[in-house]
Structures are given as C-alpha cells and as structure tokens.
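Engineer: Protein chains in written order, with this note's numbering: chain C, 1 to 376; chain Y, 1001 to 1263.
All C-beta atoms in this analysis are idealised placements derived from N, C-alpha and C, irrespective of residue type, glycine included.
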Amino acid sequence: MSDITLNSAATVPEAAPRKAPVSQVGIVGWLRTNLFSSWLSTAVTLLLAYLIIRWAVGFVEWAFINAIWSVPNNQTQACRDLKGTGACWAVITEKHRFMLFGTYPYEEHWRPFLVCLLFVGLYIVSAMRRFWRWELALVWVATLTVIGVLMWGGVFGLTYVPQERWGGLPITLILATFGLAFAFPLAILVALGRRSSLPAIKAICVLYVELIRGVPLISLLFMASVMFPLFLPEGMNIDKLLRAQIAIILFAAAYLAEVVRAGLQALPKGQYEAADALGLSYWQKTGFIILPQALRLVIPPLVNTFIGFFKDTSLVLIIGIFDLLTAGKTAIIEPAWQGFGVEVYVTIGAIYFVFCFAMSKYSQNLEAELNRHRRR
Amino acid sequence: MSETMTAEYVASAARTDAPPAITLDKVNKWFGALHVLRDVSLQVAQGERVVVCGPSGSGKSTMIRCINRLETHQEGRIIVDNVELSDDVRALDAIRREVGMVFQSFNLFPHLTILENCTLAPIWVRRMPKAEAEDLAMHYLEGVKSPEQAKKYPGQLSGGQQQRVAIARALCMKPRIMLFDEPTSALDPEMIKEVLDTMIGLAADGMTMICVTHEMGFARTVADRVVFMDRGEIVELGTPTEMFERPKTDRLQMFLSQILRGH
C-alpha cells in the first residue's frame, strides 16, 4: 500500500456505510438468493410453481366452480352426474347438523352448540396469560359444570338426554379437554415420582408408565368398554363415555409424564442445589424453581403430544362412541348420500385442523413469551 | 492476586472463647467405594473466617457441602449452630435457614428476575411479607453494588455481577454462616476482584465464613485460619502466616509452590 492512499485515507474521518448491492436486498434479492441462485434451482422453482398452480386451479374448480351447494329433497342425481369433477357440498348442507351433534335430539341442538362455544371460550380465556391466576381453576370448574348440565339436562326445564345419544364435536371436545386437563397434572406427579428418592413411589411410577405405554390405546379402550364392566358388581354400571375418558387420561398421562421427565432431567443440578441451600421445601422447590423451568423447556414436545391426543380421541369410534369422525362416517351411510365421503372428510379434517393449528400457533407464541428471559 | 487487594487485613472478630458455630467430628464419607473424606475434624468459632485450600479432588468442596447436607456423610458428627445434622428433616430445615451458600456456577434462577431471586426464600421460608422482603433484597443488592440490576434476569448480567447477586440472595436469608464453594473459579480474571471485595466486606461485618478458594491473597487478607486438605484429609491448619511462610508438611509446600508457579 502506498503512502498516498494511506494519507488520503487518514484525512477522511470515517467512510460512510455504503448501501448493499440492489441485487442482494428487498424482494429481488430474496428471490435471487432463495429461488433462482443457479440454473438447477431455477428449473426446480419453475417446475414446482407449475405444479402448485395446476393443483390450485384444479382444487378451485372442484371445490367452488363446479361444486353443487344444495339439492332439493335428497335428490343427489345432480351430484352424481358431476362424476367427481366438482364437490357435492350439498351433503354438508344437508348433514352438517348430524356431523356436528350426532344423534342428539334435533330440536335440542342449541345445547351442544352452546357447549362447543363454551369450550372455545374456555380455551381462549385459558390461553391468555393475564388470566393465569388461581381463579382460573374456578372458571374451569364452573364452565365444565354448565357444560355437563347442558349436555345431560334433566334440570332447569331442560329435557334429559342420555349419554348414548350424545355425539359429534362435543364428544371430541369433551374427551380431549377432560383428557388433557386431568392427564397433565397426573403426568407431572408421575414424572416427579419417577425421579423420587423413595423406592416404592419410584417403582409404582415406572411400572405405570411402562405398562400403559406398552399397550396400544385401542386395546385400552377395548378393556375399558368390554372387560372392565365384567369386574364390576352386578347392577353397577359406569357410563361408557366415562370409561373411555379414563382410558384416554391414563394413556395420555403416561406419555406426557415422559415428556415432563425429559424437562426435569434437562435442568442443571445446580438449580436443585441452590433451592435446597436456600431452605426451600420439596414442594416449594418443585413449584417455584424446577417445574417452571422444566415445563418451558418441553413446550414443543408437550404440544406435540397434546395435538396427537386431540386427534387420537377419534379412536373411540371402535367402541361405538359417536365422536366427530364417527358422526361424519355415519352421516353418509344413508343410501342417497353414499359416495360423498371426500366432502365429509375434507370438512371434518378442516375442523380438526383449525383446533390443532391454533394449538400449534399458540405454543410457538407461548414459547417465545416464556423464554424471553433467555435472550440477552 | 494480593496486589489487587485493596482492603487492609480485616481484623478478626473471632475470639477463642466464642462458642463454636460449626463442629465436624471425625467425619467420613464415601462415593461408592471411593473414600473422599477421612476422619475430618474441624471447629469453626462464631465470627471466624476459614479458608479451605487444596488440590482438586482433595475433598474440600465435599466437606463444605456436607455442612448444609447437599452431600450426606456416613460416619462422624456434624453440628451446626448447636443442631446435629441427621435424617431429621426439621433439623435440616433449621440448619439450611441459618447457612447461606454461594456456588462456583452462581446457580441463580434464570426464569426469575434478580429481585425475585432474592425475595423467594425470605417470603416462602422465612414467611416475610413481600414488601419487607423486597426492601431487604434492595438493601443487600446495594451492599453488593447491584441495585440497578433488580429488574433484570440473570442471563443479562456478567459473571461477576451474577456472583455478587448470588451472594446477596444468600444474605437475604440473614444466615449466621456463609459457605463459599470456589466462588471465583468460574469468573474471568477482571471480575474476580469485584467478587472478592464483596466477600471482604462481608468478613469485615463479622460473618462466620468458610470459603473454598485458591485466592491466596484473599486468604491472607481475611482468613483467621487456613485449612489445607489433600486426598480427603485435613493435612495442616493454622494462621495464614504460619501456613504460607512456614509450611510444616511437604504436601503443603508442594501445593504452595504449584499455586505460586501458576500465578
């Protein structure tokens, strides 16, 4: 380097930051780096774009342009004439009440409808961190009581509806909500028990997890519905839905316990020791120091398991409980509507998706919020 | 490190006639088959400052961790503040309330703010009203020159700041005895002084302290007695002057020459 350039550099106080080349920033820059960086990626981009557009056009034609939205008096011939080129949404128009509420008495459908709204409201309230106080437990007890009263009836001038006639979305929400609400605390206790220094408690928890995890949910449901009543004394009968519910709780808790245990094990030993050295009792240490950190660590696998169990509730169809999926299947048994399974399953899939996707988005949000302390 | 030490020798508050705060009587401990503490006997008077040194693996951390029962000993007796350590949970609770501990790796609770770290135990263990606990915490945070950190999370602090906060957290329980387990070993050199200064201040207030450390300058400044451990035994103990200038055993001599070479 010559003296001249050195001197001239010294007289300029500081070079102003230059702008990045136009080809690197903004939409153009993004497209260039991500989609058209080489001839191969350009080719892949164009091919995928073609396929996506073709499928999208095909779907729009099937779902909207060629679709039939309603038919008079179960006259499905118009739908059949489409030969699959268009969706027969008429089946949903005709059967949506049955899909959503199953065999619940038709004129009482407002009750399960209200129940679904109550569930959704309960989820929204529980999701907001500013309501995370002990009073929330009262809200849960109150809401679930109202839900029970609405579903069963028999009081306040509501007609009694036996559990055998319940069906559809409320069943799915009941199984999932009660299932996870009871399974999660149970899972925490089992996970703590598995790490307990008391041998008996530890052995019971290990045995529980390994036994329950070792059998398929379907076999547990069968046991709950077929075998369990054999062991009950004559004349005593526990509601079938309750038996399925207990099976789901026990099954989910075993899985969740292992997720929680992973979080407990990920915590450094120093956190336990610091809490001990300060004189905190076991439950204070667990409640204030260990669980808040351990649960934050395992939000992704926890929500993964939650979403899995929300959908696994559909397995109750094998013991004849009318959840959302079973109600949908049953809706198209009627000869006039046979063959329109795609429309029904797409609709039911969309309902499941809304709930699962909401859980997923919420968990991402929660993870970012709760782990803020880890950012500098 | 001695040249960085600002404080004069802190006059000992311990008197020979002061009642013992901690008594270890022929304490033995094994990790599996490994004999890590061998007939360790030590008396620490109230207000006395004891520095424990020795090569790594000598059992010095294990010994002080036995004092608040983070480790359990298998033989011998440990009496803290006139309460003997045993399987009795209530005795243990009483001892842990009176004994504060500072760890090598700070062990602050990362999900709580600095203030919450300091007030948690006073509120739940000492049953102190929240406002009072917060005043107390701010008092000790000022004592360790960190009051402006109160609303931050531990992850936002430097190592030296975290260790000072950890000292404040332990002090908020108003312990009568403080245990330090290599408090400066995990720190960058420029942060060691701020932590040692905090500890010197604490010694000047007459706190009973047992400190595992390799900071010989600190030992000279504050220690009433230095304990040298090797292979699970107390090999030698005496005043800092006796120990550092006239070591009696070869083992201590060798250890000191290694330490000095290291500096």
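1) Return the residue from the list F288(C), D312(C), L256(C) that minimises the CA-CA distance to P301(C).
2) Of the residues that make up the segment 278-307 of chain C, which ones have a beta carbon closer than 8 Å to any beta carbon in chain Y?
3) State the start and end residues of the unbroken alpha helix (DSSP H) segment that holds R32(C).
4) Strictly under 8 Å for the Cβ-Cβ distance: is R376(C) near chain Y by that measure?
5) Note down, in chain order, every chain C residue with its Cβ under 9 Å from the Cβ of V1125(Y).
6) Pairs of beta-carbons, one from the segment 262-272 of chain C and one from the segment 284-298 of chain C, closer than 8 Å: are there three or more?
7) Please classify A90(C) as buried or exposed, where buried requires at least 16 other C-beta atoms within 10 Å of its C-beta.
8) Establish whether the CB of Q163(C) and some CB of chain Y are separated by less than 8 Å.
9) So, is W337(C) buried or exposed, given that buried needs 16 or more other C-beta atoms within 10 angstroms?
10) Using a 10 Å radius around the Cβ and a threshold of 16 neighbouring Cβ atoms, would you call A227(C) buried or exposed?
11) So what does DSSP say about W1124(Y), is it helix, strand or coil?
12) Could you check what DSSP says for T143(C) in three-state terms: helix, strand or coil?
13) Which bits of chain C does H1073(Y) rub up against, with CB to CB less than 7 Å?
14) Just how far apart, CA to CA, sit L1024(Y) and Q1043(Y)?
15) With 16 other CB atoms within 10 Å as the buried threshold, where does Q245(C) fall?
16) Please classify E1148(Y) as buried or exposed, where buried requires at least 16 other C-beta atoms within 10 Å of its C-beta.
17) From the DSSP output, read off the bridge partner residues of N1028(Y).
18) Would you say M1191(Y) faces chain B, with C-beta separation under 8 Å as the test?
19) Given 8 Å as the limit, is there contact between the segment 1143-1158 of chain Y and the segment 1104-1116 of chain Y, that is, 3 or more CB pairs closer than that?
20) List the residues of chain Y whose Cβ lies closer than 7 Å to the Cβ of H373(C), in chain order.
21) Closer than 7 Å, Cβ to any Cβ of chain Y: which residues of the segment 246-271 of chain C, in chain order?
22) Using the rule of at least 16 other Cβ atoms within 10 Å of the residue's Cβ for burial, across every protein chain shown, is M128(C) buried or exposed?
23) Let me confirm a value: L232(C) is counted as buried when at least 16 other C-beta atoms fall within 10 Å, else exposed. Which label applies?
24) So, P1252(Y) versus V1235(Y), is the Cβ gap smaller than 8 Å?
25) Below 6 Å CB to CB, which residues in the same chain sit around V209(C) once its five sequence neighbours on both sides are set aside?
26) Return helix, strand or coil for P1020(Y), following the three-state DSSP convention.
27) Using a Cβ-Cβ cutoff of less than 7 Å, which residues in the same chain neighbour D239(C) once the five nearest sequence positions on both sides are dropped?
28) So is N1082(Y) in contact with chain C if we call contact Cβ pairs under 8 Å?
29) Give every residue of the same chain whose Cβ lies closer than 6 Å to the Cβ of K95(C), excluding the five residues on either side of it in the sequence, and list them in chain order.
30) Am I right that C1331(Y) and C1172(Y) are in contact with their C-beta atoms under 8 Å? What's the rounded C-beta distance?
31) Answer with yes or no whether the minimum CB distance from R1090(Y) to chain C is below 8 Å.
32) For E273(C), return the contacting residues in chain Y, with the cut-off set at a CB-CB distance below 9 Å.
33) Candidates M1254(Y), S1041(Y), Q1074(Y), G1238(Y): which alpha carbon is nearest G1032(Y)'s?
34) Within the same chain, show all residues whose beta-carbon is closer than 6 Å to that of L1120(Y), passing over the 5 residues directly before and after it, in chain order.
35) So the alpha helix (DSSP H) G1201(Y) belongs to, where does it begin and stop?
Structural biologist: Concretely, from the data shown:
1) L256(C)
2) L278, G279, L280, S281, Q284, F288, I289, P292, Q293, R296
3) In this chain, the alpha helix (DSSP H) harbouring R32(C) covers 26-34.
4) For R376(C), the pLDDT reaches just 46, beneath the cut-off of 50, and the residue's location in the model is therefore unreliable, although a value from the coordinates is still provided. So, interface residue.
5) L278, G279, L280, S281, Q284
6) yes
7) buried
8) Q163(C) is outside the set of residues whose beta carbon lies under 8 Å from a beta carbon in chain Y.
9) Within a 10 Å sphere around the beta-carbon of W337(C) sit 16 or more other beta-carbons, which makes this residue buried.
10) The sequence shown places Met at residue 227(C), rather than the Ala named in the question. Looking at its Cβ environment, which holds fewer than 16 other Cβ atoms inside 10 Å, M227(C) is exposed.
11) helix
12) helix
13) Close to H1073(Y), with beta-carbon spacing below 7 Å, lies no residue of chain C; the smallest spacing is near 16 Å.
14) 6 Å
15) buried
16) exposed
17) E1075(Y)
18) Annotation note: the requested chain B is absent from the structure, which comprises protein chains C and Y.
19) yes
20) P1110, H1111, Y1153, G1155
21) G270, Q271
22) M128(C) is exposed by the Cβ-count criterion.
23) Exposed, since its Cβ has fewer than 16 Cβ neighbours within 10 Å.
24) As written in the sequence, residue 1252(Y) is Leu, which differs from the Pro given in the question. In this structure, V1235(Y) lies closer than 8 Å to L1252(Y) by Cβ.
25) A254, A257
26) Reduced to three states, the DSSP call for P1020(Y) is strand.
27) Closer than 7 Å at the Cβ level, and outside the excluded window around D239(C), lie Q163.
28) no
29) Within the same chain, A331 come within 6 Å of K95(C) by CB-CB distance, once the 5 residues on both sides are set aside.
30) Nothing can be reported for residue 1331(Y): it is not among the residues displayed for chain Y, which extend from 1001 to 1263.
31) no
32) R1065, L1070, M1101, F1103, N1107
33) Q1074(Y)
34) none
35) 1189-1204
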